[in-house]
Amino acid sequence: MLAGAGASGPTPVPASAGDGAVPPGGRQPDSPTAPGPAAPPPPTAASGPEASAPAGEARGLWTDAWHDLRRNPVFVVSALLILFLLVIALWPGLIAGQDPQRCELGRSLQGPSAGHWFGFDTQGCDVYTRTVYGARASIAVGVCATLGVAVLGTVVGGLAGFFGGFWDGLLSRLTDVFFGIPMVLGAIVFLSMVTLTGIWPVVVVIAALSWPQIARIARGAVLTAKEHDYVQAARALGAGTPRVLLRHILPNAIAPVIVMATIMLGTFIALEATLSYLGVGLKPPSVSWGVDISAASDGMQFRNAPHILFYPAAALSVTVLAFIMLGDAVRDALDPKLR
Amino acid sequence: MLLEVQDLSVEFDTRDGVVRAVDGVGLALAAGETLAVLGESGSGKSVTAQAVMGILDSPPGRITGGRVLFQGRDLLTLSAEERRRIRGERMAMIFQDALSALNPVLTVGFQLAEMFRVHRGMSRRESAARAVGLMDRVGIPAAARRAGDYPHQFSGGMRQRVMIAMALALEPELIIADEPTTALDVTVQAQVMDLLAELRREYRMGLILITHDLGVVADVADRIAVMYAGRIVEQAPVRELYRRPAHQYTRGLLESVPRLDRKGRELAAIRGLPPSPSRVPSGCAFHPRCPVAREMCRADPVPPLYQVRMAAEPAADAAGRTSACHFWKETVGG
Numbered sequence: 028m029l030a031g032a033g034a035s036g037p038t039p040v041p042a043s044a045g046d047g048a049v050p051p052g053g054r055q056p057d058s059p060t061a062p063g064p065a066a067p068p069p070p071t072a073a074s075g076p077e078a079s080a081p082a083g084e085a086r087g088l089w090t091d092a093w094h095d096l097r098r099n100p101v102f103v104v105s106a107l108l109i110l111f112l113l114v115i116a117l118w119p120g121l122i123a124g125q126d127p128q129r130c131e132l133g134r135s136l137q138g139p140s141a142g143h144w145f146g147f148d149t150q151g152c153d154v155y156t157r158t159v160y161g162a163r164a165s166i167a168v169g170v171c172a173t174l175g176v177a178v179l180g181t182v183v184g185g186l187a188g189f190f191g192g193f194w195d196g197l198l199s200r201l202t203d204v205f206f207g208i209p210m211v212l213g214a215i216v217f218l219s220m221v222t223l224t225g226i227w228p229v230v231v232v233i234a235a236l237s238w239p240q241i242a243r244i245a246r247g248a249v250l251t252a253k254e255h256d257y258v259q260a261a262r263a264l265g266a267g268t269p270r271v272l273l274r275h276i277l278p279n280a281i282a283p284v285i286v287m288a289t290i291m292l293g294t295f296i297a298l299e300a301t302l303s304y305l306g307v308g309l310k311p312p313s314v315s316w317g318v319d320i321s322a323a324s325d326g327m328q329f330r331n332a333p334h335i336l337f338y339p340a341a342a343l344s345v346t347v348l349a350f351i352m353l354g355d356a357v358r359d360a361l362d363p364k365l366r
Numbered sequence: 065m066l067l068e069v070q071d072l073s074v075e076f077d078t079r080d081g082v083v084r085a086v087d088g089v090g091l092a093l094a095a096g097e098t099l100a101v102l103g104e105s106g107s108g109k110s111v112t113a114q115a116v117m118g119i120l121d122s123p124p125g126r127i128t129g130g131r132v133l134f135q136g137r138d139l140l141t142l143s144a145e146e147r148r149r150i151r152g153e154r155m156a157m158i159f160q161d162a163l164s165a166l167n168p169v170l171t172v173g174f175q176l177a178e179m180f181r182v183h184r185g186m187s188r189r190e191s192a193a194r195a196v197g198l199m200d201r202v203g204i205p206a207a208a209r210r211a212g213d214y215p216h217q218f219s220g221g222m223r224q225r226v227m228i229a230m231a232l233a234l235e236p237e238l239i240i241a242d243e244p245t246t247a248l249d250v251t252v253q254a255q256v257m258d259l260l261a262e263l264r265r266e267y268r269m270g271l272i273l274i275t276h277d278l279g280v281v282a283d284v285a286d287r288i289a290v291m292y293a294g295r296i297v298e299q300a301p302v303r304e305l306y307r308r309p310a311h312q313y314t315r316g317l318l319e320s321v322p323r324l325d326r327k328g329r330e331l332a333a334i335r336g337l338p339p340s341p342s343r344v345p346s347g348c349a350f351h352p353r354c355p356v357a358r359e360m361c362r363a364d365p366v367p368p369l370y371q372v373r374m375a376a377e378p379a380a381d382a383a384g385r386t387s388a389c390h391f392w393k394e395t396v397g398g
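Shown next, in the form of structure tokens:
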């Protein structure tokens with residue numbers, strides 16, 4: 028029997044294993060599960076150091092998810108793309124040497140040329156430079172709004188689900204009220220009232236109107252998690268409410284929130300562009316894809332010079348797609364039912 | 065007495081109205097003693113345990129009466145924070161299904177070490193070392209390495225050992241084990257029960273063993289309390305109860321256990337089903353299923369707990385046998 032090798036005795040352990048801080052995933056001699064498939068070297072496994080980890084090995088949820096993700100081409104492509112976008116959002120100078128605000132009206136609407144691959148926009152600014160610099164605002168809005176939504180939604184939904192009764196009623200009705208406000212309409216009303224400029228009003232309005240989705244998911248996840256025996260067991264062994272919430276419920280309820288937040292990040296970037304296009308989001312001189320798309324459609328300029336609409340729109344689409352793909356891949360990896 | 069439960073009643077709010085799951089239960093446990101609470105599902109044994117531990121889900125459940133004296137202090141009068149401090153430290157609980165009672169996203173070593181960090185304020189390193197020591201003590205091979213594994217990586221028996229180690233961590237005076245072996249294979253059941261009995265002796269803990277399995281308790285328990293429909297119907301030292309049950313329900317239970325010396329004969333069974341907690345019969349709750357029930361069994365009030373005294377066995381008197389059967393004399397005698 029193949030399992031004989033595994034069951035005959037403990038496998039050798041590294042000497043560092045003395046303090047209990049051994050990384051998870053060590054193969055156990057008495058495990059009743061996964062005996063057979065791990066014994067012969069998996070023929071399909073890639074060469075290299077990772078190949079020594081047998082495929083049938085048992086792991087925790089997050090280790091498992093990471094294991095799956097690394098092999099998912101959708102994840103690899105979207106993650107590389109997002110990594111690239113993050114890098115240019117932080118250091119746009121790496122691939123665009125010019126100042127996005129330095130424009131020459133004389134070159135207005137000039138087509139692509141050597142040294143200016145994307146051509147010039149109405150104001151005579153270099154479209155390539157502006158597209159690269161536009162990533163910063165779009166991604167900043169997306170990331171900040173997502174963080175705000177995730178924190179607010181998890182806190183409100185989590186408390187509602189955990190405490191139930193009166194608090195659940197109160198917080199859930201509050202969630203419903205915000206859920207009922209139409210996103211774009213609410214954002215237009217709010218943003219046309221504030222006089223602040225920059226990304227913060229946009230971030231705040233997106234977060235304030237989008238958290239109910241996360242709150243509902245978090246509430247459901249906490250309701251499920253708190254019914255588990257280990258929550259009662261933790262209480263039976265003397266854990267207090269904060270510890271039960273943070274250590275036992277939150278880590279077991281956070282996965283659906285992470286998935287939803289990743290997918291929402293893409294839609295928030297699109298939302299920023301929508302609001303900027305409508306003239307209430309970011310405004311010039313801010314540089315963002317939405318601002319550029321808006322400028323390109325002014326007076327139908329893009330009919331004569333399609334490049335001024337195409338490049339920022341393409342950058343936006345690719346970015347949104349990358350985040351939604353990442354969200355999809357993460358969801359698949361964290362949902363054991365799809366495995 | 066380590067633990068004295070007096071006249072404990074627990075009610076649940078359900079859609080069908082208020083249901084009394086535990087009705088006037090009294091238990092007593094001396095330090096170092098093992099008491100088995102025996103009963104079918106729905107008899108109120110787990111709810112009693114939860115009420116004693118203070119982990120009853122409320123709402124919908126609530127304690128409507130009685131006292132739970134732990135080393136002389138009434139736990140029901142303590143604040144939530146005082147009760148929390150007692151849990152884990154002075155009394156701990158072992159659950160039926162260790163896979164669901166251990167947090168799936170934390171390693172067992174971390175969960176064990178958490179006991180020391182929370183209650184004793186130990187450092188990470190120190191508590192991790194203690195966790196490994198505990199795992200070793202409950203017989204988990206290669207404990208140092210296994211401490212980094214997650215609950216699902218353990219076999220059922222090993223997982224229950226982890227659960228026992230967690231309950232044992234702070235050396236509590238009282239451990240309540242709620243069906244600790246029900247989810248395990250028969251061979252592993254014996255090992256886990258042996259371990260539990262051994263640790264109880266070593267640490268001189270009081271053990272309340274909640275079970276529906278007569279076979280499990282015979283070797284381990286000192287005394288048995290039999291529950292039916294939320295009440296205790298009989299309490300007796302193990303040997304007495306097995307030899308001469310003083311309640312018709314206990315008798316029915318014992319007769320429905322397969323025995324080698326009755327090989328080939330039809331297995332006796334208690335006819336009927338246990339009552340739903342929302343519709344408990346009048347008088348003695350067992351009367352619809354009882355072979356000797358008479359008119360007085362059907363009528364209220366509920367039979368009191370009679371002191372069972374047997375002239376033939378004077379030694380048994382001191383042990384405080386009780387039975388809630390009007391006809392305990394006939395039952396014992398026949």
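Heads up: the protein sequence lines correspond to chains H and C, in order.
Under our numbering, the first residue of the first sequence carries the number 28, and numbering increases by one thereafter.
Under our numbering, the first residue of the second sequence carries the number 65, and numbering increases by one thereafter.
Quick reminder that beta carbons are idealized off the backbone N, C-alpha and C, glycines included.
As the structure is a prediction and not an experimental result, all values here were calculated from the model.
Which term fits residue i, buried or exposed, when burial requires 16 or more other beta carbons within 10 angstroms of its beta carbon?
i, result
"glycine 367 of chain H", "Chain H is shown from 28 up to 366; residue 367 of chain H falls before or after that span and cannot be answered."
"glutamate 243 of chain C", "buried"
"serine 165 of chain H", "buried"
"asparagine 279 of chain H", "buried"
"alanine 363 of chain C", "exposed"
"alanine 480 of chain C", "The structure shown does not extend to residue 480 of chain C, since chain C spans only 65 to 398, so no value can be given for it."
"serine 107 of chain C", "buried"
"glycine 336 of chain C", "exposed"
"leucine 218 of chain H", "buried"
"glutamate 254 of chain H", "exposed"
"asparagine 331 of chain H", "exposed"
"valine 182 of chain C", "buried"
"glutamate 359 of chain C", "exposed"
"arginine 163 of chain H", "buried"
"glycine 120 of chain H", "exposed"
"leucine 355 of chain C", "Sequence inspection shows proline at residue 355 of chain C; the leucine mentioned does not correspond to that position. Proline 355 of chain C is exposed by the Cβ-count criterion."
"leucine 132 of chain H", "exposed"
"phenylalanine 391 of chain C", "buried"
Out of the options, point me to the one whose CA is closest to residue i's CA.
i, options, result
"leucine 107 of chain H", "H:Arg358, H:Asp359, H:Met352", "H:Met352"
"glutamate 145 of chain C", "H:Tyr155, H:Pro312, H:Arg262, H:Pro239", "H:Arg262"
"glycine 203 of chain C", "C:Ala310, C:Leu259, C:Leu176", "C:Leu259"
"isoleucine 285 of chain H", "H:Thr301, H:Gly354, H:Gly306", "H:Gly354"
"phenylalanine 159 of chain C", "C:Thr78, C:Gly108, C:Ala247", "C:Ala247"
"valine 229 of chain H", "H:Asp359, H:Ala167, H:Ile109", "H:Ala167"
"threonine 170 of chain C", "C:Tyr292, C:Gly212, C:Gln114", "Correcting the residue type first, residue 170 of chain C is leucine in the shown sequence and not threonine. The candidate whose alpha carbon is nearest that of leucine 170 of chain C is C:Gly212."
"arginine 459 of chain C", "C:Ala293, C:Pro301, C:Asp325, C:Leu369", "The structure shown does not extend to residue 459 of chain C, since chain C is modelled only from 65 to 398, so the question has no answer here."
"valine 226 of chain C", "C:Leu337, C:Gly118, C:Leu163", "C:Leu163"
"tyrosine 338 of chain H", "H:Arg98, H:Ala349, H:Trp316, H:Thr289", "H:Trp316"
"alanine 349 of chain C", "C:Asp80, C:Pro368, C:Ala333", "C:Pro368"
"tyrosine 214 of chain C", "H:Asp91, H:Ala252, H:Gly207", "H:Asp91"
"valine 372 of chain C", "C:Arg315, C:Val356, C:Glu298, C:Tyr313", "C:Glu298"
"alanine 282 of chain C", "C:Tyr267, C:Tyr306, C:Val89", "C:Tyr306"
"serine 387 of chain C", "C:Glu262, C:Gly197, C:Met291, C:Pro123", "C:Met291"
Margin query: Report the start-end ranges of each beta strand (DSSP E) in the segment 213 to 252 of chain C that is 3 residues or longer and not cut off at the edges.
Written below: Here the runs fully enclosed are 238 to 242.
Worksheet item: Counting pairs of beta carbons, one from the segment 67 to 76 of chain C and one from the segment 119 to 130 of chain C, are three or more of them closer than 8 angstroms?
Response: Touching, yes, given that three or more Cβ pairs across the two stretches are closer than 8 angstroms.
Do three or more CB pairs link the segment 97 to 113 of chain C to the segment 239 to 247 of chain H at distances below 8 angstroms?
Contact between the segment 97 to 113 of chain C and the segment 239 to 247 of chain H is absent, with fewer than three C-beta pairs closer than 8 angstroms.
Using a Cβ-Cβ cutoff of 8 angstroms, what residues of the segment 263 to 279 of chain H are near chain C? List them in chain order. Within the segment 263 to 279 of chain H, the residues whose Cβ lies closer than 8 angstroms to some Cβ of chain C are Ala263, Leu264, Gly265, Ala266, Gly267, Arg270, Arg274, His275, Pro278, Asn279, listed in chain order.
*Should the segment 78 to 95 of chain C be called in touch with the segment 331 to 351 of chain C, which here means at least 3 C-beta pairs below 8 angstroms?*
At 8 angstroms Cβ cutoff, the stretches touch.
**Prompt:** Any residues in the segment 109 to 120 of chain C with a beta carbon nearer than 7 angstroms to a beta carbon of chain H? Which ones, in chain order?
**Reply:** The segment 109 to 120 of chain C vs chain H, Cβ under 7 angstroms: Met117, Ile119.
message: Below 8 angstroms, how does it come out for the segment 232 to 247 of chain C and the segment 259 to 274 of chain C: are there three or more Cβ pairs, yes or no?
response: Of all C-beta pairs linking the segment 232 to 247 of chain C to the segment 259 to 274 of chain C, three or more are shorter than 8 angstroms, placing the two stretches in contact.
### Task
Identify each residue in the segment 162 to 186 of chain C for which the Cβ-Cβ distance to at least one residue of chain H is less than 8 angstroms, and report them in chain order.
When C-beta distances to chain H are compared with 8 angstroms, the residues of the segment 162 to 186 of chain C below that value are Ser164, Ala165, Leu166, Asn167, Pro168, Val169, Leu170, Thr171, Gly173, Ala177, Glu178, Met179, Val182, His183, in chain order.
Counting only runs of 4+ residues fully inside the segment 161 to 208 of chain C, write out the alpha helix (DSSP H) ranges in chain order. Within the segment 161 to 208 of chain C, complete alpha helix (DSSP H) segments of at least 4 residues are found at 162 to 165, 172 to 184, 188 to 201, given in chain order.
Item checked: Secondary structure, beta strand (DSSP E): runs of 3+ residues fully inside the segment 102 to 131 of chain H -> Runs of the beta strand (DSSP E) lying entirely within the segment 102 to 131 of chain H, each at least 3 residues long, are absent.
Does the segment 193 to 208 of chain H touch the segment 231 to 239 of chain H, meaning 3 or more C-beta pairs lie closer than 8 angstroms?
Taking one beta carbon from each stretch, the segment 231 to 239 of chain H and the segment 193 to 208 of chain H have 3 or more pairs nearer than 8 angstroms; the two touch.
Inter-stretch contact at 8 angstroms, needing at least 3 Cβ pairs: the segment 188 to 196 of chain H / the segment 332 to 347 of chain H: The segment 188 to 196 of chain H makes no contact with the segment 332 to 347 of chain H; the number of CB pairs closer than 8 angstroms stays below 3.
Runs of alpha helix (DSSP H) lying entirely within the segment 310 to 377 of chain C, each at least 4 residues, in chain order: You should have 312 to 319, 359 to 362.
Restricting to runs no shorter than 3 residues, where is the beta strand (DSSP E) found entirely within the segment 90 to 120 of chain C?
You should have 98 to 102.
Exercise. Do three or more CB pairs link the segment 114 to 123 of chain C to the segment 323 to 331 of chain C at distances below 8 angstroms?
Worked result: No, they do not touch.
In chain order, what residues of the segment 223 to 257 of chain H put their CB closer than 8 angstroms to some CB of chain C?
Residues passing the 8 angstroms Cβ filter: His255, Asp256, Tyr257.
Report task. Closer than 8 angstroms, Cβ to Cβ, to anything on chain H: give me those residues from the segment 337 to 363 of chain C, in chain order. Result -> Residues passing the 8 angstroms Cβ filter: none.
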